[in-house]
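Here the sequence shown is numbered in the numbering used here, starting from 126 and rising by one per residue. Structure first, commentary second.
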Amino acid sequence: MGFSRDESAIYLATKMAREFTMALQKRAAALGFSPGQFPILIELWHEEGLTQRQLLDRIDVEQATLANTLSRMERDGLIIRKSHPSDRRAQIIELTQRGRDLEANAIAATEATEDLLLKDFRRFERQLLLEYMRRAIESAKKAK
Numbered sequence: 126m127g128f129s130r131d132e133s134a135i136y137l138a139t140k141m142a143r144e145f146t147m148a149l150q151k152r153a154a155a156l157g158f159s160p161g162q163f164p165i166l167i168e169l170w171h172e173e174g175l176t177q178r179q180l181l182d183r184i185d186v187e188q189a190t191l192a193n194t195l196s197r198m199e200r201d202g203l204i205i206r207k208s209h210p211s212d213r214r215a216q217i218i219e220l221t222q223r224g225r226d227l228e229a230n231a232i233a234a235t236e237a238t239e240d241l242l243l244k245d246f247r248r249f250e251r252q253l254l255l256e257y258m259r260r261a262i263e264s265a266k267k268a269k
């Protein structure tokens with residue numbers, strides 16, 4: 126027997142991430158953000174004034190990916206970058222008013238998308254799925 130996509134956790138996780146991202150895309154675009162910006166927005170809504178290094182550590186993406194995403198967010202008026210008061214090499218990332226005002230609607234759009242995608246799951250199945258996803262992510266981090 127050969128490789129079975131339906132039995133591959135990596136294949137299925139990649140496919141699920143793509144499908145979930147595409148499902149959020151339309152709602153996100155209508156609000157003025159992209160699914161790739163959502164993790165950054167979440168971190169900045171939780172704690173403003175983070176450095177790019179802090180964001181990198183928290184969302185775990187490549188440096189170039191984060192830099193490009195931040196540039197698009199700045200262009201789109203969601204964030205501003207300010208000089209770090211004690212480290213000339215670093216910049217502080219802050220939300221603009223537009224970025225702050227987006228929070229409630231962006232979270233609602235994300236929750237509505239999740240509800241749509243998981244509508245056939247019972248409550249305990251959703252909880253199990255989330256738990257398994259968290260465990261798989263932790264295992265992947267340890268395997269790096």
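All C-beta atoms, glycine included, are put in the ideal place defined by N, C-alpha and C.
Between the CA atoms of residue j and residue i - distance to the nearest angstrom
i              : j              : result
aspartate 131  : threonine 139  : 12 Å
leucine 242    : lysine 151     : 14 Å
alanine 233    : leucine 137    : 26 Å
glycine 127    : alanine 134    : 15 Å
glutamate 187  : glutamate 168  : 16 Å
histidine 171  : aspartate 201  : 20 Å
aspartate 190  : glutamate 256  : Checking the displayed sequence, the identity of residue 190 turns out to be threonine instead of aspartate. Using only the alpha carbons, I get a separation of about 27 Å.
lysine 267     : leucine 254    : 20 Å
asparagine 193 : methionine 141 : 24 Å
Residue i, DSSP secondary structure in three states
i             : result
leucine 241   : helix
serine 196    : helix
threonine 221 : coil
arginine 206  : strand
leucine 175   : strand
Pair within 9 Å by beta-carbon distance, residue i and residue j
i           : j           : result
glycine 224 : leucine 166 : yes
Sequence-distant residues of the same chain with beta carbon closer than 7 Å to residue i, five excluded per side
i           : result
leucine 156 : Leu227, Asn230, Ala231 and Ala234
leucine 180 : Ile165, Glu168, Leu191 and Ile218
Cβ separation of residue i and residue j, assumed to be a contact under 8 Å, to the nearest whole Å
i             : j            : result
glutamate 173 : leucine 203  : The pair is not a contact, with the Cβ atoms about 12 Å apart (cut-off 8 Å).
alanine 215   : arginine 178 : 7 Å
threonine 238 : alanine 148  : 5 Å
Own chain, CB closer than 8 Å to residue i, minus 5 neighbours either side, in chain order
i             : result
alanine 261   : Ala134 and Ala138
histidine 209 : Thr176, Ala215, Gln216 and Ile217
Own chain residues within Cβ distance below 6 Å of residue i, not counting five before or after
i             : result
threonine 146 : Pro160
leucine 195   : none
arginine 92   : The requested residue 92 does not occur in the structure, where the chain is confined to residues 126 to 269.
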